[in-house]
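Engineer:
2 protein chains.
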Amino acid sequence: MNNQIRIGIVGYGNLGREAVQAIKQRADMKLIAIFTRRSPDSMQVEDETLNIVHISEAEAYKDHIDVMILCGGSATDLPEQGPFFAHMFNTVDSYDTHAKIPEYFSSVDEAAKNGGKTSVISVGWDPGLFSLNRMLGEAMLPKGETYTFWGEGVSQGHSDAIRRIKGVKDAIQYTVPIAEAMEKVRRGELPTLSTREKHLRECYVVLEKEADPVEIERQIKTMPNYFADYETTVTFISESELKTKHAKMKHGGFVIRSGKTGDNSNQIFEFSLKLDSNPAFTSSVLVTYARAAYYLNKAGDIGAKTVYDIAPKYLSDRPVEDLRRDLL
Amino acid sequence: MNNQIRIGIVGYGNLGREAVQAIKQRADMKLIAIFTRRSPDSMQVEDETLNIVHISEAEAYKDHIDVMILCGGSATDLPEQGPFFAHMFNTVDSYDTHAKIPEYFSSVDEAAKNGGKTSVISVGWDPGLFSLNRMLGEAMLPKGETYTFWGEGVSQGHSDAIRRIKGVKDAIQYTVPIAEAMEKVRRGELPTLSTREKHLRECYVVLEKEADPVEIERQIKTMPNYFADYETTVTFISESELKTKHAKMKHGGFVIRSGKTGDNSNQIFEFSLKLDSNPAFTSSVLVTYARAAYYLNKAGDIGAKTVYDIAPKYLSDRPVEDLRRDLL
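Read top to bottom, the protein sequences are chains A and B. Residues are numbered in our numbering as their position in the first sequence, beginning at 1, plus a constant of 507. Residues are numbered in our numbering as their position in the second sequence, beginning at 1, plus a constant of 507.
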């Protein structure tokens, strides 16, 4: 196929690997290269046709890649890689350190504008599609409240916190939205919900030999910030059960806007995702927004962008006339 | 408040009346006038401060109204009013004759471009927010199927069809999505669903004196196009029960995209609305898109637009920096 959008991927972890698959599902795109900080020769890659390149050589691809998908983490990778790549390539990333988004936006915006490029930041599902729905719900129903519930799904940060406890061999933590709270919201009751009333935390823990389950359960349930403010359950399981029953990175959640129109009617606006694989879906969203970065840049719209700046048509590979005819 | 967006409303039926309320909920907007084909003096209007003007005088408001909200019907009003007003004003409408959307788009587009105006067509919830989600779901999950379920809600067309039967004094029809079909979709089973498998039709009917209930039930259930292809229930009720229990124009529905990402994981994307008043919510969406018509026109983006052409930020009254800080 001619005129495919030429894609590069920076970072070959969970997200990067899934981005490779997401590109294969889209006939209008073509993967050119994957850039990594590791030594490309040392890497074990299932698919030998992939072109793995050291990150230091990225600049040589300036004229051969239309959009670079940045698959690094928000803590240390993206604050550096975002502006660096935005100067040379159109980019898309999943930056999610919420408090620092304005700062990150500015630094990417400046780099992209200097380079005449377009960078879509903070996409995925939250931030991303959930952010979009929080905004749409508020705009359509200005008098009301917005509620976000996450889960049922794996929280990497909370799982790690449990694994750091002495005597824990492995662990996984699920965030579970509380059905009763969601039903109150859906009935238009506009409840004020405390942290504890919105989500449960379910922990599945594999113990080291001779570890004390009572003490470990106590340590988990009283851990400040992570568990102390929540209803938390701890279930001890075997290592094999953890591997077989808890291997999938499922996740999802709900954005609900409950509002009243001028006639005092209750109106409920809800968006939800139920994902069997969080990284696969997040990558799919990133790759979809890569298409928008490409088209916005072609239209001369440079600088940093978020979900709020992007007309939906730029996310589709179909002509807008077809969208009007088939989907409107 | 200075710099409010000055709004006009064309048509003072269900939608127009609710649009008045929706404008009051938005501090950045101001209602200038309501235009009607009836004689303004003859109209019974609750709120005497409303400026009701005969439609023939609309042109005199060219410099005093930023966006005209067209609240007429799709069958006969909008095909004429859409292009007529698009030439003089930015407009927004809820045109919903699906098969004729391309034709309607062209005629409004030409008029709006000639007049240097911006016209957002076919907004509301379906077409409108549902159309947006059908497109987004497909873009995020290109391998999959999209399902739209409507209801539980009142279908005006089906209610009218029952009322036309001899012996029926009054009637209301609810379209009800079939829970079992929705659950199959949500489980990622990608079912092929016939018309009958997606929706039930529940009819509440008030009989004329001496009408034959058996014959009327038969006529309803065998009515081609409207009921013959559906599981239909008929319940006879008293006139007072119809007035007390079935007065609200509730509606809603579900857009579900069930897809598989490249790793073969099931991923479910769902948007839903549960509306106590269909006309109040539809008007609220129209008024929100009126804001977009105004901002797009200010940005020089003229012609006919649909939900696919509009960057979400134009729907909010908040600066995009605030959206990034608070909602991303």
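Quick reminder that beta carbons are idealized off the backbone N, C-alpha and C, glycines included.
Is B/N773 close to chain A, meaning its C-beta is less than 7 Å from at least one C-beta of that chain?
Structural biologist: Output row for B/N773: interface = yes.
Engineer: With a cut-off of 8 Å, do at least 3 Cβ pairs link the region 791-810 of chain B to the region 801-809 of chain A?
Structural biologist: Cβ pair count under 8 Å is below three, so no.
Engineer: Let me check one thing: in DSSP terms, what residues is B/P684 bridge-paired to?
Structural biologist: In DSSP, B/P684 forms a bridge with B/H706.
Engineer: By alpha-carbon positions, which one of A/G658, A/R544, A/F596, A/V615 ends up nearest to A/D573?
Structural biologist: If we check each option's Cα against that of A/D573, A/F596 comes out closest.
Engineer: Below 7 Å on C-beta distance, what does A/F776 contact in chain B?
Structural biologist: Ordered by position in chain B, the residues that pass the 7 Å Cβ test against A/F776 are L780.
Engineer: Return the chain-ordered list of same chain residues with a C-beta closer than 8 Å to the C-beta of B/G658, the five sequence neighbours on each side being excluded.
Structural biologist: Here the set comprises Y681, T682, V683, P684, H706, H758, G759, G760.
Engineer: Pairing CB atoms from the region 764-780 of chain B with CB atoms from the region 786-795 of chain A, are three or more of them under 8 Å?
Structural biologist: Yes: at least three Cβ pairs fall under 8 Å.
Engineer: To the nearest angstrom, how far is it from the Cα of A/G579 to the Cα of B/D570?
Structural biologist: Approximately 52 Å, taken between the alpha carbons.
Engineer: Does B/F820 get closer than 7 Å to chain A when you measure Cβ to Cβ?
Structural biologist: Here the sequence assigns Lys to residue 820 of chain B, which means Phe is not the residue at that position. For B/K820, the answer is yes, since a Cβ of chain A falls inside 7 Å of its Cβ.
Engineer: Closest by CA to A/G518, which one among A/G589, A/Q532, A/T556?
Structural biologist: Considering only alpha carbons, the answer is A/G589.
Engineer: Answer with yes or no whether the minimum CB distance from A/M575 to chain B is below 7 Å.
Structural biologist: Chain B contact via Cβ: absent.
Engineer: Return the CA-CA distance between A/R641 and B/M730, expressed in angstroms with no decimal places.
Structural biologist: When rounded, the distance between both Cα atoms is 43 Å.
Engineer: Here's the rule I'm using: 16 or more other beta-carbon atoms within 10 Å means buried, otherwise exposed. How should A/M550 be labelled?
Structural biologist: That one is exposed.
Engineer: Note down, in chain order, each residue of its chain lying with its Cβ closer than 6 Å to the Cβ of B/D616, except the 5 sequence neighbours on either side.
Structural biologist: The answer, listed in chain order, is G810, A811.
Engineer: Since A/Q774 sits in a beta bridge, which residues does DSSP pair it with?
Structural biologist: According to DSSP, which records beta bridges pairwise, A/Q774 is partnered with A/G766, B/L782.
Engineer: Just list the residues that DSSP pairs B/A540 with in beta bridges.
Structural biologist: Answer is B/G515, bridged to B/A540.
Engineer: Below 7 Å on C-beta distance, what does B/S791 contact in chain A?
Structural biologist: Chain A residues near B/S791: M647, L648, T768.
Engineer: For A/R533, count neighbouring Cβ atoms within 10 angstroms of its own Cβ and tell me buried if that reaches 16, exposed if not.
Structural biologist: Flag for A/R533 reads buried.
Engineer: Of all the residues that make up the region 516-538 of chain A, which are near chain B by a beta-carbon distance shorter than 7 Å?
Structural biologist: Cβ contacts with chain B come from E525, Q528, A529, K531, Q532, R533.
Engineer: Could you please give the first and the last residue of the uninterrupted beta strand (DSSP E) stretch that includes A/H665?
Structural biologist: Unbroken run through A/H665 is the alpha helix (DSSP H), 663-670; no beta strand (DSSP E).
Engineer: Tell me the DSSP bridge mates of A/N597?
Structural biologist: A/V574, per the DSSP bridge assignment.
Engineer: So for A/S701, helix, strand or coil by DSSP?
Structural biologist: It is coil, neither helix nor strand.
Engineer: Using a Cβ-Cβ cut-off of 7 Å, state whether B/Y602 counts as contacting chain A.
Structural biologist: With 7 Å as the cut-off, B/Y602 does not count as an interface residue toward chain A.
Engineer: Could you spell out the range, first to last residue, of the alpha helix (DSSP H) harbouring A/S638?
Structural biologist: Element bounds for A/S638: 636-647.
Engineer: Would the region 597-608 of chain B count as touching the region 622-629 of chain B if we require 3 or more Cβ pairs under 8 Å?
Structural biologist: They touch, by the three-pair rule.
Engineer: Kindly list, in the order they appear in chain B, the residues whose Cβ is closer than 9 Å to that of A/D816.
Structural biologist: Ordered by position in chain B, the residues that pass the 9 Å Cβ test against A/D816 are A818, P819, K820, V827.
Engineer: Output, in chain order, the set of chain A residues within a Cβ distance shorter than 7 Å of B/D783.
Structural biologist: Per Cβ cutoff of 7 Å: S772, N773, Q774.
Engineer: Where DSSP assigns a beta bridge to A/T739, which residues make up the other side?
Structural biologist: DSSP output for A/T739 lists A/R708 as bridge partner(s).
Engineer: Kindly indicate which residue of A/H561, A/T604, A/N510 has the alpha-carbon position closest to the one of B/D833.
Structural biologist: If we check each option's Cα against that of B/D833, A/T604 comes out closest.
Engineer: For B/R831 and A/I608, what's the separation of their Cα atoms in angstroms?
Structural biologist: Roughly 7 Å separates the two Cα atoms.
Engineer: Check the Cβ-Cβ distances between B/M642 and every residue of chain A, and say whether any is below 7 Å.
Structural biologist: Yes, B/M642 lies at the interface with chain A (some Cβ there is under 7 Å from its Cβ).
Engineer: Between the Cα of A/S581 and the Cα atoms of A/F612, A/E564, A/A567, which residue gives the shortest distance?
Structural biologist: Minimum Cα distance to A/S581 is reached at A/F612.
Engineer: Kindly list, in the order they appear in chain A, the residues whose Cβ is closer than 9 Å to that of B/S614.
Structural biologist: The premise fails here: B/S614 is roughly 14 Å from chain A at the closest Cβ pair, so nothing lies under 9 Å.
Engineer: How big is the Cα-Cα spacing for A/S745 and A/L714?
Structural biologist: Their Cα atoms are separated by approximately 8 Å.
Engineer: Report the rounded CA-to-CA distance for B/R825 versus A/Y711, giving the unit in angstroms.
Structural biologist: Approximately 43 Å, taken between the alpha carbons.
Engineer: Three or more C-beta pairs under 8 Å: does that hold for the region 726-741 of chain A against the region 658-674 of chain A?
Structural biologist: Touching, yes, given that three or more Cβ pairs across the two stretches are closer than 8 Å.
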